[in-house]
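Engineer:
2 protein chains.
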Amino acid sequence: MDKLEETIAGLKYDEQGLIPAVIVDAENKQVLMLAYMNAAALAETIRTGNTHFWSRSRGRLWMKGEASGHTQQVQAVYADCDADTLLIEVIQRKAACHEGYRSCFYRRLGRDGAWEVIAEKVFEPGDVYGKSG
Amino acid sequence: MDKLEETIAGLKYDEQGLIPAVIVDAENKQVLMLAYMNAAALAETIRTGNTHFWSRSRGRLWMKGEASGHTQQVQAVYADCDADTLLIEVIQRKAACHEGYRSCFYRRLGRDGAWEVIAEKVFEPGDVYGKSG
């Protein structure tokens, strides 16, 4: 096992073999999204320089942007103190969110206790993913 | 049920009733840590204005900083598109990490495949938590 394989194996994965990865815009430090990696997704992310995740709903490895073209080019990978969370700085093409926003965190809790949208869409999902979603 | 209770109940929690919360420094946008909330922790966070989490290892609700004094004063709460992740901007007293660093993400993956510490400690854990840890 080389050093990188050892480092990947040394992280703490949950009972499903997953570790959360916080994805941050390398340029302005905005948090773009959170998604889950398994060891294979992290290895592929490092090998290719593009983020890969494990889709819990689809049960498969996917490259971010494989459908939309909105890929994420990895600039740096960080681990937290407990080695159970990753932070990855990326150059984000276009937008991270499939709803059309730059960041998935486009809703803020208002004083009335309801979510309010605080960002502008940068693309229309129907134009990118087709009418079937 | 009032609007806030409805909003909290409307989030997607995992099978253990938890939702990950990414904690960000409101001043410089640095990601400080990731921890887990249940509905009660989120309600208490909003009610008191200080972050509260569910400790998976200790099986109880805790206020960040209850031992160290390094509390987090909430400035804004965001939800992501899937309503299964929170992002919370805080004013962090002293430091977020129990290892003595401002952020828990103080290790970056190096070209040699090993983690390297890229931050300076801002306190000595032994001074804050006592010799027993």
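Chains as they are written, first to last, in the numbering used here: chain U, -15 to 117; chain A, -15 to 117. Built from N, CA and C at the ideal position, the CB exists for glycine as well.
So which residues of chain A does Q14 (chain U) contact, with C-beta pairs closer than 8 Å?
Structural biologist: In chain order: K13.
Engineer: Looking at the strands, I want to know which residues DSSP matches up with P4 (chain A).
Structural biologist: BP columns for P4 (chain A) point to A:Y20.
Engineer: Could you tell me the distance, in whole angstroms, from the CA atom of H36 (chain A) to the CA atom of E83 (chain U)?
Structural biologist: Between H36 (chain A) and E83 (chain U), the C-alpha separation is close to 29 Å.
Engineer: If you drop the 5 nearest sequence neighbours on each side, which residues of the same chain put their C-beta closer than 8 Å to that of L2 (chain A)?
Structural biologist: Y20, M21, N22, W38 and R40.
Engineer: From the DSSP output, which residues share a beta bridge with K48 (chain U)?
Structural biologist: DSSP, once it has assigned bridges, lists no residue as partnering K48 (chain U).
Engineer: For H119 (chain U) and L(-5) (chain A), I'd like the C-alpha separation in whole angstroms.
Structural biologist: No statement about residue 119 (chain U) is possible, as the shown extent of chain U runs from -15 to 117 and does not include it.
Engineer: What would DSSP say about K105 (chain U), mapped onto helix, strand or coil?
Structural biologist: DSSP places K105 (chain U) in strand when its eight states are reduced to three.
Engineer: In three-state DSSP terms, what is R95 (chain A)?
Structural biologist: Three-state result, R95 (chain A): coil.
Engineer: Given that D(-14) (chain U) touches chain A, what residues does it touch there, using C-beta distances under 8 Å?
Structural biologist: Those within 8 Å of D(-14) (chain U) in chain A are G97.
Engineer: Measuring straight from C-alpha to C-alpha, what distance separates L18 (chain U) and I7 (chain U)?
Structural biologist: When rounded, the distance between both Cα atoms is 6 Å.
Engineer: For D96 (chain U), tell me which candidate among A:L70, A:M47, A:W46 and A:V61 has the shortest Cα-Cα distance.
Structural biologist: Looking at the Cα atoms, A:V61 is the closest of the given residues.
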